[in-house]
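*Asks:* Sharing a structure here in structure tokens format.
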Amino acid sequence: MKKILLISFEYPVGKTYCGGVGQIVKQSRNVLLKLGYEVYVLISSNFEKKRPVKLLLPDDSLIRYRNFWAFKKEHGWHRFNYIIQHFINWTKELKKVKTQGDRRPKIIYHFHSILKRERDSGFKTFNRFLLNQERMIEIADRIICPSRYEYDNFMRYFPYFSEKVALIENTIETFPPQKEEMQNISNKYGIKKNDIVSIYVGRLERIKGAHILIKDISKILNKHKNLK
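Positions 510 to 737 (our numbering) are the ones given, in order, by the sequence shown.
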């Protein structure tokens, strides 16, 4: 059975907050498990190896390690067939993996945003994040792009790595409609049968484009009288 290690800075375990990246990692894990792979998730939001890390096992149990070295001592990179990186930490470690010969694990970089594009758009981005993303793009055997928009950006910023990249659009987890809850929401906000409802999902931050919506909301409501 092929063993896969997913690396992420977040994952929905317990009651802690988890954003979109963690949700995508969760869905990826579920799909890979259904396909018969043995899937592990290394969770670490830190770049420092002395910080604690967590490892989610295929049976959903969670192991906590006092630091990155403790995880590496017990598992090591070579025990996995594939490493799928969803963050930009451990680049030096993954670069060493590339020198381990033909039996080394394949490295896949699943990015969620082009940081150069964010910086050029006026968002604050740490230089080390930019450098680490460029390193990951160089290190990876294959690269997964989350949307057509970011695919175009990737081709614009990193044309020399075009042969590595593949477009696999991110999706969101769906739930069956709850008619009673939908009726309660309609009653609460006065939503009628023929009204058009526009919903913004995401944090109210510039990096999510929320400032554009806030700026233009009055124009949108004036143009679409039945929009709620």
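In this text, a Cβ means the ideal position worked out from N, Cα and C, and glycines have one as well. Computed from a predicted model, the values in this text were never measured in an experiment.
Using the C-alpha atoms, what's the distance from residue 686 back to residue 581?
*Replies:* Here the question's residue 581 lines up with position 72 in the sequence shown. Here the question's residue 686 lines up with position 177 in the sequence shown. Cα to Cα, residue 581 sits roughly 44 Å from residue 686.
*Asks:* Would you call the CB atoms of residue 649 and residue 623 closer than 8 Å?
*Replies:* The count along the sequence shown starts at 1 and reaches residue 649 at position 140. The count along the sequence shown starts at 1 and reaches residue 623 at position 114. Cβ distance not < 8 Å, so residue 649 and residue 623 don't count as in contact.
*Asks:* Would you mind stating whether residue 645 and residue 680 have Cβ atoms separated by less than 8 Å?
*Replies:* One-based indexing of the sequence shown puts residue 645 at position 136. One-based indexing of the sequence shown puts residue 680 at position 171. No, Cβ-Cβ distance for residue 645 and residue 680 is not below 8 Å.
*Asks:* Rounded to the nearest angstrom, how far is the Cβ of residue 558 from that of residue 578, given a contact under 8 Å?
*Replies:* Here the question's residue 558 lines up with position 49 in the sequence shown. Here the question's residue 578 lines up with position 69 in the sequence shown. About 6 Å; that satisfies the 8 Å criterion.
*Asks:* Who are the near neighbours of residue 536 in its chain, counting only those whose CB is closer than 8 Å to its CB and skipping five residues on each side?
*Replies:* Locating residue 536 in the sequence shown gives position 27, counting from the first residue. 680, 682.
*Asks:* Could you check the C-alpha separation between residue 615 and residue 541 for me, to the nearest Å?
*Replies:* Within the sequence shown, residue 615 is the residue found at index 106, counting from 1. Within the sequence shown, residue 541 is the residue found at index 32, counting from 1. Distance between the alpha carbons of residue 615 and residue 541: 16 Å.
*Asks:* According to DSSP, which residues form a beta bridge with residue 573?
*Replies:* The count along the sequence shown starts at 1 and reaches residue 573 at position 64. DSSP lists 563 as partners of residue 573.
*Asks:* Let's test the definition: count the other Cβ atoms within 10 Å of the Cβ of residue 513 and tell me whether it reaches 16, buried, or not, exposed.
*Replies:* Residue numbering aside, residue 513 sits at position 4 when the sequence shown is read from its first letter. By the 10 Å Cβ count, residue 513 comes out buried.
*Asks:* Checking 8 Å against the spacing of the C-beta atoms, do residue 510 and residue 546 come in under that value?
*Replies:* Mapped onto the sequence shown, residue 510 falls at position 1. Mapped onto the sequence shown, residue 546 falls at position 37. Contact: yes.
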